[in-house]
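Below is one structure, written out as C-alpha cells, with a few remarks after it.
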Amino acid sequence: MTLMWIPLLPLLGAVIAALTAHWGRTRCAWATAALPALALALILSLIPQLSETGSIKSTISWIPALGLNLSFRFDGLALLFSVLILGIGLLVILYARYYLSEKDSMGRFYAYLMLFMTAMLGIVLSGNLLQLWLFWELTSISSYLLISFWWHKPEARRGARLALTVTGAGGLALLAGILLLGRIAASFDLDVILQSGDLIREHRWYPAALLLILAGVFTKSAQFPFHSWLPHAMAAPTPVSAYLHSATMVKAGIFLLARLYPALAGTELWFIVVSSTGLITLLVGAYFANLKHDLKGLLAYSTISHLGLITLLFGLGTKLAAVAAVFHIINHATFKASLFMAAGIIDHECGSRDMRRINGLWKYMPYTAALAMIAASAMAGVPLLNGFLSKEMFFAETLEQEFLGSLSWMIPVLATLAGVFSVAYSVRFIHDVFFNGEPINLPKTPHEPPRYMKVPVEILVGLCLLVGILPNIVVGPLLNIASSAVLGGELPDYSLAIWHGFNLPLLMSLVAMAGGLFVYFHRAHLFRFQKQFPEWNASESFEMAMRRVQDAAGKLLDWLENGSLQRYLLLMLMLLILMLWPALTELTHLTGKRAHLPVDIPSLVAGGLLVVAGLGTVIYNRQRLIALLMLSVVGLVVSLAFARFSAPDLALTQLAVEVVTIILLMLALFFLPQKTPKESSPRRILRDICIAGLIGGIIGTICYALMTRELHSISDFFLANSKTGGGGTNVVNVILVDFRGFDTLGEITVLGIAALGIYNLLAGLRLFMPSGDSEGRQWALDRHPMILAVISQSLLPLALLVSVFIFLRGHNLPGGGFIAGLVTAVALILQYMAHGVDWMKTRLDIAYHRMIACGVLISALTGVASWLFQRPFLTSWFDHFHWPLVGEFELASAMVFDLGVYITVVGATLLILANLGQMTTSERPVTKEQD
Amino acid sequence: MPFWIELIVSLFLLVGGVFVLLGSVGLARLPDFYTRLHAPTKATTLGVGCLLIGSMVLSTWSSGSLSIYEVLITIFLLITAPVSAHMLAKSGLHHRLEHAKQTGHPELIEEPLHKE
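Going down the list, the sequences are from chains A and B.
For the first sequence, the positions run 1 to 931 when UniProt numbering is used.
For the second sequence, the positions run 1 to 116 when UniProt numbering is used.
Pasting the structure below:
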C-alpha cells in the first residue's frame, strides 16, 4: 500500500499548491514541497526491503478479466527514476519560488508541476503496461500545461501544441504497441512481460510491436526525426525546462527503453533501429547545439544529443553499454538540471538569453559563473566530473562494436566527432557567456541572484563533483541496483575508477577536448556555413500544417453539416441503404417458415388508415397543421396496434408520448408560418421519392422477413424470472426497473440532458411573434376561456389520481413511472394552456431543472443503496406486507427507482413544453448574461 | 355466460354503435361547421357512454366485482367533450366560418375592440 502513496502524495500536493496560493509565495512553496518530500522519504524507507527482494509489488484488481489492474511495481530502475523525479522536483520547487515573478500565478504553476510529477512517478512505478500508458499520456497533457504556462506568449502556446501533438501521437503509437505486446505475452502485467522476452522476440508480431513502441519512445525522448518539439518547448519557464528536459519528460522515453529492455532488446532489428536513431540524434543534436545563440536553445539541442547518446548505448545491446546508459541517465540529469537553472539565473538577471549579447558575466556574478562552469565541464566530459566517467564508458563501448563489419571503426569515430561538438558547445557556454569581453546592450545590469536561488544549483553541482571524484561510494550502489533491474538481475563486471590508464577511450576524450576547443574558436566559419541553408522553423511549419488540416476539416464539416435537416436525413438514409443492401441481396428466401396470422377486418382498416395518414402527411407537408393531424393519426394507429398485439404498456406509452409530441409540435407551429412555400425542385422531389421508396422497401422487406421467421429471443428468461426475481408480474415494467435498470437510469439521464439542452437553446432564442394568423386575423382576445380554465382545473385532481393509479400498479399491471410521468405532465400542461404561465407561476413555482436532477438522483441512490447490503448496483428488493383495510400488498425498492423515473419524466417534459409555451410571454427563459 | 347478460351487453353495444354511426354520418352530412360540431359530441358522449356501460356489465360479470374504471372514463368523457366542442365553436366564431341561415347569430362574434 505504501507504493500507491508515492504517486498519490504529489497529486494531493497539486491540490495543496492550488489551495495555499494565497498564503504568499514562500509559504506556498514550502507547503507544496512537503508532500513530495514525504514521498521521497517513503521511497528511501523502501530501499532495505528492495535490496532483499529485488522488487516490491502491490496490486488492486479492477477489471481482472481484461487484465486491467491498478498495479504498482518498485524495483531498482523505478528507485533510480523516482529519486531523480522527486529529488530534482524538490530542487525545482525551491528554484521556481525565486524564478517566478509576482505576476505569475504560483499556485497554478506548482499545481501543474505536481500533476506532472504524479504522472512521471506513475510511469516509473506502474506494474501494468496499460496503466503505464495512461500516466504516459498524462505527462503529455501536464507538460502541455507547463510549457504553455505563459499562455500570453504565442511561442509558448505554439511550442506547447507542438509538444502535445508530437508526444501525443507517439503515445497513440505506443498504445498500439502495448496492445500488441499484451496480446503476445497474454498479459499486460510487467512481470509477465519481462519474463517472456524470448516468446516476444520470436513472435511474428514482434517487429510491429517493437516499431510502434519505439515510435512512442522516440517521440517522447526527442529522437531524430521527432526532436523538433523539444527546442520549441523552451518557451516554458526555465524551472519547467530544468525539470522536463533533465530528469523527467524526455527521460520517460529512455525509461521505457530501459524498462522493456529485457523483453525487447537483443534482436538485430532492435539493434539497427535503436542504435542508428541514437547515433544520428547524438550527432544532429551536438551539431545544432553549436549553432544556437539562445542559451536555452543550446541546452535544448545538447539535451537531444545526450538523449541520443543514451539511446545509442541501449541500442548497442551489450550489458556494459546498458550500465553506461543508466549511469549517463543519472549524470545527465544532474548536470543538465543545474545548467538549465544557471541559464535561468542568467536570463533572470540579464533579461536576455542571447549569447551574442551576454558576455563577461564573470565580473558580475562570479559565484554563479563558477557553478555553471563546473556543470558545463561535466557536460563536456572533463575529468573529475561525473560526465567524464559515463562518457569514457560510452567511448569504450563504441570500440567494442562489430556490427557494421569492416565499417565498425566508423562508430567510435562518429562518437568522437559528437564528443568534439559537445566540447565545443560546452566551451561556448563557458567562454562566450562568462568571458569574451563585456555585455552588449543588456536590459538589466547583471548581479548575483537571491541566495536561495543558488542552493539547488549548488546541490546539483556538488553531486556532479562528488560522483566525479568518489563514484564508487556516491553512486555505486544506486547504479548497481538500477542496472541489475534493467538487465534482469545479471550484472557485468565494471569499474567506476577515474583512472583506467592510458587507453583508447582516454585518447578519444583528449581528441574531443582538443577538437572542441578548435571548433569553438573557429565557430564563425560554422555559422557562415550554416547561413547558406534556408531557415526552417519547426513550430511555424507545424502551425501551417495544422491550419491546413483545420481548413480541410472545416471544409469537410461545412459540406457534411450545412444545417439542413433534410440533408442529414438523406446522408443517414443513404448510409443505411449502403449497409443493408449487400446483406439483403444475400438473403435468398424472403418468406420464412412461420405461419401467417389470419387477416381480420379491423387490422386491415387500421393498416389502410396508417397508409392513408402516412401518405397524407407527405402530400400535405406544406400545410403544417394538416400534416400534423395526419401524423397524429399515424401515432394513434400505432398505439392501437400495440394494444391489439398484447403490448398494453407500449400502447399506453405510445399514446402518452403521442399526446406530448403533438402538443410540442403545436407549440412550435405557432412560430412557423402556417403554409410553407414550395422549396423542392422537381428533380429533388424525384430523388427523394426514389430514396424514400427504396428505404421503405428495404425496411418492409426486413420486417416481413423477420416476422415470418421464428424468433428466439431472451424473453422467455424474463417471463420466467419476472415474478421470482423482480417481484412483479408486469414483465415490461420489471425489465425496465430491475433487469435492465441500469439502462433505464442511463435513459432518464439522457432525457434530462436533452431537456436541459432544449432549455438552453430556448434561453437564447428571440422569435418573431405573429400577432395574427396568415390571413391577417388577430388572435382571440379571450386568451384563457373561462369554461376551459374551470373545467381543466377541476379535472386536475382526477388526472393526478389516474397517474398515481398507473404508477402504483405499474409493477404488476400495465403502467409504471414513465407513463404516469407523462400523464402528470399532460395534466399540468393543460393547466398552463388553460390558465397561462403567470397564473401557474404563482401556484406551481417549481424549477424543473432541479426536478430532473432530483429524479435522476433518487434513481441512482436507489441503486447505490444496494451497496449497503453488499449487493451489486441496482439490485432490487421486494416483500409482501399485510395492512389492515388495504389488505395484502407488495413493497419493492424498484418502486423508489420508478419514482425517480416518474419525477425525471415530469420534470423533463414540463421543462420542454412549459418553456416552449412561455416563449410568447414575459416568463420566457433568458440567458444569464441578459438577466 | 348467461343469456340475459349477453343480451344486455349486446344491446348497449348496438345502441352505442348506432350513436357513433349517426355521429359520423352527421359529421359528413350536416350543412355547416356549427351544426356539424353537434354530431361527434353526441357520438362521444352517448355512443361511447353506451359502449362503456356494456363493457362495465361484461367485466363486472367476468371479474365478479364491480368494475368502476368505465365510470371514471365516462366522467372524463362527459367533462371533456363539451369543453372541446365549446372551444371549437369559439374558434369557429373567431374565424367567422360560413354558416347556414338557421345557425347565424352574428351577435356572438367577438369584435376586436382594441389592439393588445
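A virtual CB, placed ideally from N, CA and C, is assigned to each residue, including glycine.
Short CB-CB distance (under 7 Å) between residue i and chain A
i                 : result
Ile-68 of chain B : no
Proximity test, Cβ basis, 7 Å: residue i and chain B
i                  : result
Ser-680 of chain A : no
Ala-643 of chain A : no
Buried or exposed by the 16-neighbour rule on C-beta atoms within 10 Å, applied to residue i
i                  : result
Thr-139 of chain A : buried
Glu-929 of chain A : Annotation note: pLDDT 42 at Glu-929 of chain A (below 50); position unreliable, coordinate value reported separately. Classification for Glu-929 of chain A: exposed.
Gly-437 of chain A : exposed
Val-750 of chain A : exposed
His-114 of chain B : At His-114 of chain B, the pLDDT of 48 sits below 50, so the modelled position is not reliable; the number obtained from the coordinates is stated separately. His-114 of chain B should be labelled exposed.
Tyr-95 of chain A  : buried
Tyr-452 of chain A : exposed
Asp-931 of chain A : With a pLDDT of 38 at Asp-931 of chain A, under the threshold of 50, the predicted position of this residue should be treated as unreliable, though the coordinate-derived value follows. Flag for Asp-931 of chain A reads exposed.
Glu-392 of chain A : buried
Ile-473 of chain A : exposed
Trp-409 of chain A : exposed
Phe-717 of chain A : exposed
Proximal chain B residues relative to residue i, where beta-carbon distance stays under 9 Å
i                  : result
Ile-806 of chain A : Residues of chain B passing the Cβ test: none, with the nearest at roughly 12 Å.
Arg-157 of chain A : Those do not exist, as Arg-157 of chain A stays about 55 Å from chain B at its closest Cβ, beyond 9 Å.
Arg-809 of chain A : Those within 9 Å of Arg-809 of chain A in chain B number zero; the least Cβ separation is about 11 Å.
Arg-740 of chain A : Residues of chain B passing the Cβ test: none, with the nearest at roughly 30 Å.
Chain B residues whose Cβ lies nearer than 8 Å to that of residue i
i                  : result
Pro-785 of chain A : His-86, Met-87 and Lys-90
Leu-828 of chain A : Within chain B, no residue comes near Leu-828 of chain A; the closest Cβ sits about 16 Å away, beyond 8 Å.
Leu-795 of chain A : Phe-76, Ile-79 and Thr-80
Arg-624 of chain A : By Cβ distance, chain B contributes nothing, its closest Cβ being about 17 Å from Arg-624 of chain A, past 8 Å.
Arg-709 of chain A : Per Cβ cutoff of 8 Å: no residues; Arg-709 of chain A is ~36 Å from chain B at best.
Arg-843 of chain A : Simply none; closest approach about 20 Å.
Chain A residues whose Cβ lies nearer than 7 Å to that of residue i
i                 : result
Ile-83 of chain B : As written in the sequence, residue 83 of chain B is Val, which differs from the Ile given in the question. Ile-787, Leu-788 and Ile-791, listed in chain order.
His-94 of chain B : Ala-780
Contact set between residue i and chain B, taken where Cβ atoms lie within less than 7 Å
i                  : result
Arg-683 of chain A : Per Cβ cutoff of 7 Å: no residues; Arg-683 of chain A is ~38 Å from chain B at best.
Strand pairing of residue i, partner residues [DSSP]
i                  : result
Leu-320 of chain A : In the DSSP output, where bridge partners are listed per residue, Leu-320 of chain A has none listed.
Leu-667 of chain A : None, per the DSSP bridge assignment.
His-880 of chain A : A:Glu-890
Asn-128 of chain A : A:Asp-189
Ile-758 of chain A : Ile-758 of chain A pairs with nothing; no bridge assigned.
Phe-72 of chain A  : A:Ser-58 and A:Ser-126
Gly-772 of chain A : A:Gln-778
Asp-354 of chain A : A:Asp-294
Residue i at chain D interface by Cβ criterion, 7 Å
i                  : result
Ala-847 of chain A : This model lacks chain D altogether; the protein chains it does include are A and B.
### Task
May I have a chain-ordered list of the alpha helix (DSSP H) segments no shorter than 4 residues that lie completely inside the region 432–473 of chain A?
451–469
### Task
Identify every run of the alpha helix (DSSP H) within the region 487–547 of chain A, keeping only runs that are complete inside it and at least 4 residues long; order them along the chain.
504–521 and 523–531
### Task
Just list the alpha helix (DSSP H) runs in the region 5–64 of chain B, keeping only unbroken ones of 4 residues or longer that don't cross its boundaries, in chain order.
33–42 and 49–63
### Query
Which runs of the alpha helix (DSSP H) fall wholly inside the region 231–296 of chain A and span at least 4 residues, in chain order?
238–244, 249–259, 261–264 and 268–289
#### Entry: 3-residue-minimum beta strand (DSSP E) runs that sit fully inside the region 609–643 of chain A, ordered along the chain
none
### Task
Tell me the start and end of each unbroken beta strand (DSSP E) in the region 84–155 of chain A that is at least 3 residues and wholly inside, in chain order.
none
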